[in-house]
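Some notes on the structure that comes next.
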Amino acid sequence: MRKGRLYVLSGPSGTGKGTICKAVMAQGDPELALSVSMTTRAPREGEIDGVSYYFVTQEEYDKTVAEDGFLEHAGIYGNCYGTPKAPALEKLESGIDVILEIEMQGAMQVKRAYPDARLIFVLPPSLDILRNRLRGRGTENEEQLQRRTASALEEIQKIADYDYYVVNDELEGAVARVNAIISAGRLEVDERAAELVKKYEEEK
Ligand code: ADP
Ligand code: 5GP
800 MRKGRLYVLS GPSGTGKGTI CKAVMAQGDP ELALSVSMTT RAPREGEIDG
850 VSYYFVTQEE YDKTVAEDGF LEHAGIYGNC YGTPKAPALE KLESGIDVIL
900 EIEMQGAMQV KRAYPDARLI FVLPPSLDIL RNRLRGRGTE NEEQLQRRTA
950 SALEEIQKIA DYDYYVVNDE LEGAVARVNA IISAGRLEVD ERAAELVKKY
1000 EEEK
């Protein structure tokens, strides 16, 4: 049976990774799951524990690191984030593709540890639009906003480490492009080569 594939959706804060993931997941594909990360960050208004993130204390986070319980983990903007390893690997084993919506240090850890993962970089149409979207989201204060936009260009400069890019101009188009990447992934020959050949050999 085909194993699931790991997809990483990464890119600067405010490019719309969360919005794209939500829209992709809303299509209800039973063979696609979105990983729920752990974070030490405080919940924002409307965020639900266990859905948006697992909101944990620094102690709980450190314990998970010590137990090697993360598939990848990283600190950013003064908070810690990590992808719980067991649920993601279980889904992949049972043939379900898994999306990780994570920042770039984590993306690079995934690339090293799971070379079959496909890395997607979400680009804003422009840095100006990025700043406006972050402002519009209203979840950062002015200082945090400056910090996040300042690192955006540095992050974009590392795009060569990725397999695909998606410009998030209008949402529908961006979602269609992510769907196309996932559909193509399901048509890769990969570990199914032997299985495919056998089917035709049996006919001989
Ligand atoms: P990220 O998860 O990358 O930090 P978000 O998904 O939170 O970014 O998006 C940042 C802001 O931009 C949000 O307010 C969101 O509603 C808005 N946004 C996302 N995608 C689009 C789009 N295609 N067009 C206009 N606004 C968008
Ligand atoms: P936010 O605090 O805005 O929800 O997320 C900040 C950044 O952390 C975003 O770029 C988001 O993609 C990233 N992030 C969320 N979960 C994880 C995770 O499990 N691992 C890593 N490395 N980054 C994460």
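In this note's numbering, the protein residues as written are 800 to 1003.
Idealized CB from N, CA, C, for every residue including glycine.
Cβ distance (whole Å) where G905 is taken to contact A873 below 8 Å: Indeed, because the Cβ distance is near 5 Å, the residues count as touching under 8 Å.
Extent of the continuous alpha helix (DSSP H) to which L986 belongs: Premise fails: L986 is in no alpha helix (DSSP H) and is neither H nor E.
Cβ-heavy atom distance between K816 and the ligand 5GP below 7 Å? Correct: K816 has its Cβ closer than 7 Å to the ligand 5GP.
May I ask which residues mark the beginning and end of the beta strand (DSSP E) holding E882? Note on residue identity: the sequence assigns Thr, not Glu, to residue 882. That run of the beta strand (DSSP E) goes N878 to P883.
May I ask which residues mark the beginning and end of the beta strand (DSSP E) holding S809? Residues L805 to S809.
Taking the alpha-carbon positions, what's the K884 to E1000 distance? Roughly 38 Å between the two C-alpha positions.
If the criterion is Cβ atoms closer than 8 Å, does the pair E830 and D896 meet it? Their beta carbons are under 8 Å apart, which means E830 touches D896 by this criterion.
I'd like the list of long-range same chain contacts for P924, defined as Cβ closer than 8 Å, with 5 residues on each side in sequence excluded. Within the same chain, P924 has close Cβ partners V966, N967 and D968.
Could you tell me the boundaries of the beta strand (DSSP E) in which E871 lies? E871 -> beta strand (DSSP E) spans F869 to I875.
In the DSSP assignment, find the unbroken beta strand (DSSP E) run with I919 in it and report its ends. From DSSP, the beta strand (DSSP E) with I919 extends over R917 to L922.
Same chain, Cβ closer than 7 Å to E942, neighbours up to 5 away in sequence not counted: Excluding residues within five positions, none has a Cβ falling inside 7 Å.
Are at least three pairs of beta-carbons, each pair with one atom in the segment 911–920 and one in the segment 930–942, less than 8 Å apart? When C-beta atoms of the segment 911–920 are compared with those of the segment 930–942, fewer than three pairs fall below 8 Å, so the two segments do not count as touching.
Quick one: which unbroken beta strand (DSSP E) runs of 3-plus residues sit fully inside the segment 813–850? Chain order, please. Runs of the beta strand (DSSP E) inside the segment 813–850: 831–833.
Would you kindly report the start and end of the unbroken alpha helix (DSSP H) that includes Y913? From DSSP, Y913 is part of no alpha helix (DSSP H); its letter is neither H nor E.
Buried or exposed: which applies to K816, given that a residue is buried once 16 or more other Cβ atoms fall within 10 Å of its Cβ? Buried is the call here.
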